[in-house]
Amino acid sequence: MSKIAISLQNVTKQFDKKIAVNNISLEIPKGQIVTVLGPNGAGKSTTISMMLGILKPTNGTVLLNGKNPQNYQNRQYLGAMLQHIGLPDTLKPLELLELWRSYYSNPFPQQQIVEMAGLSEIVNTRFGELSGGQKRRVAFALAICGNPEVLFLDEPSAGLDIQSRNLLWTEIINFASLKKTVVLCTHYLDEADSLSNRIILMNKGEIMADDTPQNIKAKVGKKTIRFKTQSPIYTFEETPGIENVYEELGYTNIETNSPEFVLRSLFNLDLTITDLEVNSVNLEDAFLTLTKS
Amino acid sequence: MVTNNYTLNRIKTQTKFELIKLFRMPVYIITLVGLPLFFYMATGTNQRMPELTEGLPTVKYLICTLGTFGVFGIALFGFGVNYSIERSQGWYHTLQPAPIPLSVIFFSKVIACMVLSSIAILLLFAEAHFVFNVSLAWQQWLGIYFTLLLGSLPFACIGLLIGSLFGSNSVSLVTIMIYLAIASISGLLATLSMIRSGNPKLAEMAVIYPTYHVYQLALANLQSSSFSDVLKHIGVLLAYTFVFSSLVLMLFKKNMSKTHG
Chain A
167 MSKIAISLQN VTKQFDKKIA VNNISLEIPK GQIVTVLGPN GAGKSTTISM MLGILKPTNG
227 TVLLNGKNPQ NYQNRQYLGA MLQHIGLPDT LKPLELLELW RSYYSNPFPQ QQIVEMAGLS
287 EIVNTRFGEL SGGQKRRVAF ALAICGNPEV LFLDEPSAGL DIQSRNLLWT EIINFASLKK
347 TVVLCTHYLD EADSLSNRII LMNKGEIMAD DTPQNIKAKV GKKTIRFKTQ SPIYTFEETP
407 GIENVYEELG YTNIETNSPE FVLRSLFNLD LTITDLEVNS VNLEDAFLTL TKS
Chain B
477 MVTNNYTLNR IKTQTKFELI KLFRMPVYII TLVGLPLFFY MATGTNQRMP ELTEGLPTVK
537 YLICTLGTFG VFGIALFGFG VNYSIERSQG WYHTLQPAPI PLSVIFFSKV IACMVLSSIA
597 ILLLFAEAHF VFNVSLAWQQ WLGIYFTLLL GSLPFACIGL LIGSLFGSNS VSLVTIMIYL
657 AIASISGLLA TLSMIRSGNP KLAEMAVIYP TYHVYQLALA NLQSSSFSDV LKHIGVLLAY
717 TFVFSSLVLM LFKKNMSKTH G
């Protein structure tokens, strides 16, 4: 059995004259939680659609568990929760599960899925009568019901309140703990940061970065030293190691690549400093820096 | 053999839920099944109704024409309009990554439609027998039943084509227009001799429509009909099925990744 869940080799997808994905190659080993991140039009959805077997690449090879995902039989290995959930309003979650389970040769037992996706209170309510969060939970249940090796989640928590989102995240983490591969496509950077151990950052049809969230943030490298002081900001402008200094909401903010060195200099200045914090750059800043570059 | 059983089970489950979906829209179902029953009752109890139509007792003649009208409506609305609405809701888009061949989904839809058509035909037979005292040989009942049932296949393809071409906002209106226009012109709601007396050219065009060929085949169970005529009707219906299903497949592939058509 191959240890690679998904493999893309020199994949290009062209629509008429527009190149949506330009000669990308990547491998996702089994058991990883990977986030595909990027601004609108980056080529994320096209890439995911090719992984799901919905779109055929113009050039290159896409393999799912070593097989062509365009053959419906090879999709036994995958479960997908698409961004748009189009399920019949008149069917109930339990019925949808029965239908969806019939598509797979080795599905989870029905009761286990109900518990995994937290559906027990809504199993007999028609889909059309469910709230947005409940509908997403049903879609998640359908995505995992076939006991897939690879789970695709496209914007899984779009439109969810914090409580529902946290519940969904827990469910995703629980599923991944069964040594499954999860491919996440999201606009929410905190979701990518919290859930995944690898981020593939795409822009204009190409891969800009492919690394752990920590390393991606480290690539941008900066940290922010934040504190309150009576001293005006020009006091710090000449301090060595400072990249940028600015005031915001009563705090002085210093951006630097060498926080330890700058902190030592600050203490040597013998100023009155309160509420001192040192923050890593967040993924959003890293994302913006990398896509701009 | 295992694969065959597996496919058969999937068709059974899919058909079960296609039927549940249909029967959870009771107003829709009652209207579709009830319309030919209502027309039959209204025409059959009309004091000015002629005893004979096109050489047959009118109450028998109406079983064939209104039966065709019934299965035509079920195929267009229960199949075509439903397909368009589900397509707009994104149901087929959601199904795309699932490990299920689309042929299973369509085949199940056709079976569900046929189950509904069967109910409509049997209710029409019951009305004919119990209300209008129509009695036929069992071969004739069976012949008409299967003619109407199999005749709904080309209608289903036409329904699907309409469902593929039009979005959920316009599909109902377009379908009603096509339904009533074809039903009227091909001789389902007014006899061909009535149409001929008012507009001979329109009556000549009746042969274009598949509904004409289905009810002519149904009538062949009640009166003598030449073998070549029967073959001609079957040939036209097969051609309709082939052409329309090919167009549907073409459009289906084009529509697959779109949520709204």
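Here the protein sequences come in this chain order: A and B. If you want the working numbering, it's the 1-based position in the first sequence plus 166. If you want the working numbering, it's the 1-based position in the second sequence plus 476. Here a beta-carbon is modelled for each residue, glycine too, at the ideal position from N, C-alpha and C.
* May I ask you to verify whether the stretch 346-363 of chain A touches the stretch 311-321 of chain A, counting CB pairs closer than 8 angstroms and requiring at least 3? => yes
* To do: Determine, using beta-carbon pairs with one atom in the stretch 661-670 of chain B and one in the stretch 534-551 of chain B, whether at least three such pairs fall under 8 angstroms.
  => yes
* Cβ shell of Tyr685 of chain B (< 6 angstroms), same chain only, five flanking positions each side left out -> Ile658, Ser662
* **Closer than 9 angstroms to chain B by CB, Leu257 of chain A** => yes
* To do: Measuring only between beta-carbons, confirm whether Gly737 of chain B sits less than 9 angstroms from chain A.
  => The predicted model places Gly737 of chain B with a pLDDT of 29, which falls under 50 and marks its position as unreliable; any figure quoted below should be read in that light. With 9 angstroms as the cut-off, Gly737 of chain B does not count as an interface residue toward chain A.
* State the DSSP-derived secondary structure class of Val503 of chain B, mapped to helix, strand or coil. => helix
* Short CB-CB distance (under 9 angstroms) between Arg318 of chain A and chain B -> Reading off the sequence shown, one finds Phe at residue 318 of chain A, where the question assumed Arg. Yes, Phe318 of chain A counts as interfacial toward chain B.
* Asked: Should Phe642 of chain B be flagged as near chain A, meaning a C-beta pair shorter than 9 angstroms?
  -> no
* With burial defined as no fewer than 16 other Cβ atoms inside 10 Å of the residue's Cβ, what is the status of Ile506 of chain B: buried or exposed? -> exposed
* Asked: Is the CB of Pro254 of chain A under 9 angstroms away from at least one CB in chain B?
  -> yes
* When you compare each of B:Thr570, B:Val724, B:Phe642, B:Gly627 to Gly711 of chain B by their alpha carbons, which one comes out closest? -> B:Gly627
* **Local Cβ density within 10 Å of Ser271 of chain A, reported as buried at 16 or more and exposed below that** => exposed
* Determine whether the Cβ of His709 of chain B lies closer than 9 angstroms to any Cβ atom of chain A. => no
* Counting pairs of beta carbons, one from the stretch 615-625 of chain B and one from the stretch 594-607 of chain B, are three or more of them closer than 8 angstroms? -> yes
* Asked: Should Tyr537 of chain B be labelled buried (16 or more other beta-carbon atoms within 10 Å of its own) or exposed?
  -> buried
* **Selection from B:Val647, B:Ala551, B:Ser669, B:Glu527 that minimises the alpha carbon distance to Ala588 of chain B** => B:Ala551
* **Limits of the beta strand (DSSP E) - the one that Leu229 of chain A falls within** => 225-230
* Could you tell me which residues DSSP puts in a beta bridge with Lys179 of chain A? => A:Val187
* Report the three-state DSSP secondary structure of Thr521 of chain B (helix, strand or coil). => coil
* Asked: What does Arg400 of chain A reach in chain B if we use C-beta pairs closer than 7 angstroms?
  -> Note on residue identity: the sequence assigns Tyr, not Arg, to residue 400 of chain A. Under the 7 angstroms cutoff, chain B gives no residues; its nearest Cβ is about 56 angstroms from Tyr400 of chain A.
* Tell me whether Trp614 of chain B is buried or exposed, calling it buried when 16 or more other Cβ atoms sit within 10 Å of its Cβ. => exposed
* Asked: How big is the Cα-Cα spacing for Thr717 of chain B and Ser700 of chain B?
  -> 26 angstroms
* Of the residues A:Asn231, A:Arg430, A:Ala208, A:Leu333, the one placed nearest Leu218 of chain A, counting alpha carbons only -> A:Asn231
* Buried or exposed for His689 of chain B, please, with buried defined as at least 16 other CB atoms from any protein chain shown within 10 angstroms of its CB. => buried
* Asked: Under a three-way DSSP split, which group does Ile638 of chain B fall into?
  -> helix
* Let me know the alpha helix (DSSP H) ranges lying completely inside the stretch 649-705 of chain B, each 4 residues or longer, listed in chain order. => 668-674, 676-680, 686-695
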